[in-house]
Amino acid sequence: MSNSSTIADHCSVFGLSDSKDNDWNEECDHTHTDKCEDCCLLDNTLAEIELILKDNDEMTEDIRLRHLTLFNQQRNLLYEWKKTSTKCCSSRSCS
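Residue numbers are given in this note's numbering: position 21 of the sequence shown equals residue 21, and the series is strictly consecutive.
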């Protein structure tokens, strides 16, 4: 985690910026051209799980929708946790 990481998920400026809120929007002075193997693995795993849930013909539509809803909620919580981790790392480096 750093202010100038070329990996978007590891860049505190990018991670703490909010494009919807001008008070919390900051542009990086560098590009995010690199990828983190672990972050990509997480994204790919979540995409595969979603695909399995969507394409599973052994579930009723009602059950599939329930599982997809729960999956999406958990995925959102996971990404919110990643943002919180970015904030924690950033605040520790400032002290």
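The C-beta atom is built at its ideal place from N, Cα and C for all residues, glycine as well.
S2 carries a strand assignment under DSSP once its states are collapsed to helix, strand and coil. When DSSP reads this structure, D34 sits in a beta bridge with I7. The way I'd put it, the stretch 27–37 doesn't touch the stretch 46–54; fewer than three beta-carbon pairs between them come closer than 8 Å.
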